[in-house]
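Read the structure below first, then the notes.
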Amino acid sequence: TYIQGSEISRATELLRERVRQYPNNAALQYLFGESLIKSGVRPGDPDFIKAQAALQNSVRLNPSFVYARVELAKTYLDEGNTDEGIATLRAAIKVDPSKVQIYAQLGNALRKKGETAEAAAMFAKVRELNTYNRTHGGVAPLVRSAQDDGQTEHMDR
Numbered sequence: 008t009y010i011q012g013s014e015i016s017r018a019t020e021l022l023r024e025r026v027r028q029y030p031n032n033a034a035l036q037y038l039f040g041e042s043l044i045k046s047g048v049r050p051g052d053p054d055f056i057k058a059q060a061a062l063q064n065s066v067r068l069n070p071s072f073v074y075a076r077v078e079l080a081k082t083y084l085d086e087g088n089t090d091e092g093i094a095t096l097r098a099a100i101k102v103d104p105s106k107v108q109i110y111a112q113l114g115n116a117l118r119k120k121g122e123t124a125e126a127a128a129m130f131a132k133v134r135e136l137n138t139y140n141r142t143h144g145g146v147a148p149l150v151r152s153a154q155d156d157g158q159t160e161h162m163d164r
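Residue numbering for the sequence shown follows our numbering, beginning at 8 and increasing consecutively.
What follows is the structure, given as structure tokens:
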């Protein structure tokens with residue numbers, strides 16, 4: 008509630024205490040990491056390292072928690088660790104292939120790395136899922152292979 012209400016410092020302190028009390032709770036680890044990220048930490052800051060560690064713990068504790076994987080990937084990409092970010096996003100797709108955000112992030116990371124053909128394929132997935140979601144009013148249950156139409160989109164987080 009504090010995070011949603013933009014009371015980030017209050018959320019961070021409460022979550023810091025809860026993580027100490029319940030270190031094996033994946034959701035608390037995720038929320039703590041998220042609150043630190045939302046506080047504006049940057050790569051190299053001690054709290055950035057804590058945020059990344061909390062997200063890593065969340066993924067370790069619950070490998071199917073896709074949101075923790077996506078946020079963890081963002082931290083890797085923010086610090087310039089593109090390969091680890093890409094690997095983490097690929098793992099997130101295996102957990103839940105219906106999330107548009109994952110394909111968009113992966114497409115951006117691949118494009119930055121110079122892998123334009125694969126990036127274009129990820130953006131094609133984004134378009135495919137967005138179309139499905141608009142026409143069916145929900146999240147696609149399965150992701151089909153899509154042919155790249157030669158267009159690329161730029162989508163940042």
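Positions of the beta carbon are idealized from the N, C-alpha and C atoms, including for glycine.
Since the structure is predicted, the reported quantities are computational estimates derived from the model, not experimental observations.
Nearest-angstrom Cα separation, counted from threonine 142 out to proline 70: 31 angstroms
Can you tell me where the alpha helix (DSSP H) with aspartate 85 in it begins and where it stops? 73-85
Which same chain residues end up closer than 7 angstroms to valine 66 when comparing Cβ atoms and leaving out the 5 residues on each side of it in sequence? Phe72, Ala75, Arg76, Leu79
Ranges of the alpha helix (DSSP H) found wholly within the region 16-101, counting only runs of at least 4: 33-45, 53-68, 73-85
What would DSSP say about aspartate 163, mapped onto helix, strand or coil? With a pLDDT of 35 at aspartate 163, under the threshold of 50, the modelled position of this residue cannot be trusted; read the value that follows with caution. Coil, per DSSP.
Three-state secondary structure (DSSP) at serine 121? Looking at the sequence itself, residue 121 is glycine, so the reference to serine does not match. If DSSP states are grouped into helix, strand and coil, glycine 121 belongs with coil.
Which whole-angstrom value describes the C-beta separation of alanine 116 and glycine 144, a residue pair presumed to lie in contact below a C-beta threshold of 8 angstroms? Actually they are not in contact, since the Cβ atoms of alanine 116 and glycine 144 sit about 30 angstroms apart, beyond 8 angstroms.
If we ignore side chains and look at the alpha-carbon of each, how far apart do asparagine 140 and aspartate 103 end up? 15 angstroms
Out of curiosity, what's the CA-to-CA distance linking glutamine 36 and lysine 106? 21 angstroms
Is the distance from the Cβ of alanine 61 to the Cβ of glycine 87 below 8 angstroms? no
To the nearest angstrom, report how far apart phenylalanine 55 and alanine 128 are at their CA atoms. 31 angstroms
Run through DSSP, which three-state label would lysine 132 get? helix
In chain order, what residues of the same chain have a beta carbon less than 7 angstroms from the beta carbon of lysine 57, not counting five sequence neighbours either side? Leu43
Among the candidates Pro50, Ala34, Ala33, Gly114, whose CA atom is the shortest distance from the CA of arginine 134? Gly114
Taking its Cβ as the centre, do 16 or more other Cβ atoms sit within 10 Å of alanine 99, making it buried, or is it exposed? buried
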